[in-house]
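Novice:
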Amino acid sequence: MPSPHGEVEARDLLAQLRLLRPREAIVLLLVGEGEQVSQVARTLKLPVETAFSRLRLGRKHLAHVLKRWRRLR
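Heads up: the sequence shown is residues 542 to 614, going by the numbering used here.
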């Protein structure tokens with residue numbers, strides 16, 4: 542059974558993750574689930590370069606969000 546503290550942390554982290562830009566978050570999510578960037582680009586009807594750019598920016602923003610979240614804990 543998850544601890545109440547763990548549930549609060551998970552909720553706080555999800556709130557922070559919602560700060561990511563949706564267009565970057567979707568690319569991060571799909572790549573994180575194992576999709577190739579070229580497939581993500583086709584699915585989202587984007588140039589491959591744009592998908593790679595959104596992935597790079599999403600990773601950068603995610604690192605920033607996680608860093609801030611760790612400080613808040």
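Beta carbons are placed, not taken as given, at the ideal position from N, Cα and C, and that holds for glycine.
Which residues in the same chain have their Cβ closer than 8 angstroms to the Cβ of L570, if we skip the five residues on either side of it in sequence?
Specialist: Closer than 8 angstroms at the Cβ level, and outside the excluded window around L570, lies no residue.
Novice: If we call anything under 7 angstroms between Cβ atoms a contact, is V572 one with L596?
Specialist: Yes; because the gap between Cβ atoms is below 7 angstroms, this pair is in contact.
Novice: Counting only the same chain and skipping the five closest in sequence on each side, list residues whose C-beta sits under 8 angstroms from that of E550.
Specialist: R614.
Novice: With DSSP as the reference, label K608 as helix, strand or coil.
Specialist: Helix.
Novice: On the premise that G599 lies in contact with E576, defined as a C-beta separation below 8 angstroms, what is that separation, rounded to the nearest angstrom?
Specialist: That belief does not hold up - the Cβ atoms of E576 and G599 are roughly 14 angstroms apart, past 8 angstroms.
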